[in-house]
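First up is the structure itself, then whatever we jot down about it.
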Amino acid sequence: MSPLGFNDPLSAVASVVTGVAIVLSLIKYYLYLTCGHFTSSRKMEGKTVIITGANSGIGKETARDLAKRGARVIMACRNMETAKQAQDEIVKETGNQNVTVLKLDLSSQASVREFAAEVLRTERKLDVLVHNAGFAETFRKTQSVDGIEFTMATNHYGPFLLTHLLIDLLKRSAPSRIVVVASELYRFASVNLNNLNPVGSLPAYLYYVSKCANIMFTRELARRLEGTSVTANCLHPGMIDSGIWRNVPFPLTLPMRVIKSFFKTNVEGAQTSLYLACSEEVQGVSGKYFMDCKEASLSAGISDMEKARKLWDESAKIHLTFKMVQEVLEEIMAETGNTKLLIKHIDISSLASVRAFAKEIVATEPVIDVLIHNAGVAQGFNNKVTSDGLEFTMATNYYGPFLLTHLLIDLLKRSDQGRIVIVSSKLYQFASLNPANINSINPINYFSLFPIHLYNLSKFAEIMFTQELARRLRGTKVTANCLHPGVIDTGIWRNVPFPISILFKPIQMCFRTPEEGARTSIYLSVSPDVEQISGQYFRGCKVHQLNRRVQHVARQHDLWEASKKLVKLTADDPQI
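Residue numbers (our numbering): -10 to 565.
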């Protein structure tokens, strides 16, 4: 007999298994008893509700319940086939014929705008907007069609844009409600305001980040909606056995099967969404976080309203930028008749974004004939530091182009006559750079009474880079030249601080137009006159002399080697 009193090992195993099963059953029963249930019979006739991701999971159950209550339900879904099936099922079960399906891919800004335009065209009111759709990936890194990390695009940026586009309709329908499905998993992450498009990060972690962003967005939204009778609240639905876990790879799927046995059902998971959408108890309540149909506390870190405001501002910039670029694309196509134009996202200040952009280009393009480094930024008195630890102006104007050139050099070498064109500036003359001094090439703690010194320094580095690049490309068919476009009235001067901005106004009247400023870039890109010219500096489509300080060959070499370390070039990256 065993020490535990069993006559044989099989009896012992059977008893242990039975005991474990009983314990697990008790845990499951406890979770059921403590699960919040929305038991109100309140009707929703005359109310219009939009639910994103309503074709499956808790979104589908939310749509089913609201349809039973008599609401007009708009199911906003990416997969139209499963959405139609869910619609038919809900209509048949509830008898509510006022259930419709509209196409919405939250990861695509164009799709969000098309969906919103259709809603504004057909709907006279909107009482409840439920941001339910969500995406979770484990290891596979993907980007949206707009070049935004896919998890963040779907879970945060899409809902952010959709709310903006529908907010006037919600205000006209007040009292109205916005419900955001977040998650307790936000506690395992934080939003990095210096890298709001984290294309190189682990997607599993970014799901947590997106839920953190959901809550910050909800709180800032509620603050901005004070006095409008539009409320915004977010919630944790519980751990749900829904389609969001479909991307968990083998062998992680094995323990997930056991864990899922403790998950809520989709019906249980929908209860807090329904509570916030319907309950009279939360009429007028806004900016709160709920679990199991009750208000829950948030961590101290996510309660920082200043950080929430900054997230809002930066998120708005991303959407505004895309809209502006799309309009420019359409304008150029209409004027030239050339439809071979593409928009690709790149944040040249982010090494991860540069690598993601280059990876996509290498995967889709067989050759590059011309690479024009035109992007630039000019800060005011204050400098910023990127998530890579680089000074922002230098990262944007110099280190980003330096890395991108390396990553694309093999495609340029495939061209019959590849050209690299770098837009610099004669303002380089007011700077100097010593590669032996890390504070000179990465001035993260720099402060100057001269507000554009860092801009001048970056232009100095660009010219040194151009000449060293040209030397290293000798014997290839690729040339590298830089240029001064003239002083142009472009957005690069938007960061000049007050009161200097006042003095800038009359000076800007003497600036060249962007069209005039582009002439030398075009000349270096297409003119046969410069086919064999490399390592030169151009102004007004002519070669101009540079001062001796910027032509120091040894320092150009040292800057190159130091830059390779700062942008983290590896032995696996293309070498020049």
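Yeah, the Cβ is synthetic: ideal placement off N, Cα and C, and Gly gets one too.
Small disclaimer: the values here were computed from a predicted structure and weren't measured.
First and last residue of the uninterrupted alpha helix (DSSP H) at residue i
i	result
L150	147 to 161
Y512	508 to 515
S262	260 to 267
V101	98 to 111
F177	Here F177 belongs to no alpha helix (DSSP H), and DSSP marks it neither H nor E.
I427	427 to 430
R344	340 to 353
H395	389 to 402
Host beta strand (DSSP E) of residue i (start-end)
i	result
G48	G48 -> not in any beta strand (DSSP E); alpha helix (DSSP H) instead, spanning 46 to 57.
L210	Per DSSP, L210 belongs to no beta strand (DSSP E); it is in the alpha helix (DSSP H), 192 to 213.
S165	165 to 170
K92	88 to 92
H541	Neither: H541 is in no beta strand (DSSP E) and is coded neither H nor E.
V467	467 to 473
A459	Per DSSP, A459 belongs to no beta strand (DSSP E); it is in the alpha helix (DSSP H), 442 to 461.
A65	61 to 66
T41	37 to 41
Beta-ladder partner(s) of residue i, from DSSP
i	result
T80	What sits at residue 80 in the sequence shown is Val, not Thr. Note: V80 sits in no beta bridge, so no partner.
C223	V169, Y278
E138	Q132
K253	I229
H362	I411
H120	V169
E380	V374
K283	M280
V532	F527
Inter-residue CB distance, residue i and residue j (contact presumed, cutoff 8 Å)
i	j	result
F130	S172	The sequence as given places Lys at residue 130; Phe does not occur at that position. Contact flag wrong, Cβ pair sits at about 21 Å.
R298	E209	6 Å
V88	H120	Wrong, their Cβ atoms sit about 19 Å apart, outside the cutoff.
R61	V38	7 Å
Y196	A125	4 Å
M33	R67	The Cβ separation is near 25 Å, so there is no contact.
K296	M205	7 Å
S275	T220	4 Å
P474	T509	6 Å
Burial state of residue i (16 or more Cβ within 10 Å)
i	result
T559	exposed
L438	Only weak support is given to the placement of L438: the predicted model assigns it a pLDDT of 44, under 50, and the value that follows is read from those uncertain coordinates. Result: exposed.
K36	buried
L535	buried
I427	exposed
T28	exposed
G84	exposed
N363	exposed
A323	exposed
F177	exposed
P226	buried
P424	buried
N434	exposed
Y18	The predicted position of Y18 is uncertain, since its pLDDT is 48 and thus under 50; a value taken from the coordinates is nonetheless stated next. It counts as exposed.
H533	exposed
A99	exposed
R113	exposed
N51	It should be pointed out that residue 51 corresponds to Thr in this sequence rather than to Asn. Buried.
R408	buried
M64	buried
D302	exposed
L443	buried
L191	exposed
S30	exposed
V410	buried
R344	buried
K49	buried
L513	buried
T353	exposed
Any C-beta of chain C under 8 Å from that of residue i
i	result
G59	Going by chain labels, chain C is absent from the structure shown, which holds only one protein chain.
Discussion item. Check whether the stretch 253 to 269 and the stretch 150 to 158 touch, using three or more Cβ-Cβ pairs below 8 Å as the test.
Written reply: no
Discussion item. Under 8 Å: do the stretch 88 to 98 and the stretch 131 to 149 share three or more Cβ pairs, one atom per stretch?
Written reply: yes
Discussion item. Does the stretch 169 to 186 come into contact with the stretch 372 to 379, if we say contact requires no fewer than three beta-carbon pairs (one atom in each stretch) closer than 8 Å?
Written reply: yes
Worksheet item: Should the stretch 273 to 286 be regarded as contacting the stretch 34 to 51, the criterion being three or more beta carbon pairs within less than 8 Å?
Response: no
Discussion item. Count Cβ pairs between the stretch 461 to 472 and the stretch 400 to 412 that sit closer than 8 Å; are there 3 or more?
Written reply: yes
Worksheet item: Three or more C-beta pairs closer than 8 Å, one from the stretch 69 to 84 and one from the stretch 282 to 302: is that the case here?
Response: no
Practice prompt. Could you tell me whether the stretch 336 to 347 touches the stretch 384 to 400, where touching means 3 or more Cβ pairs closer than 8 Å?
Written response: yes
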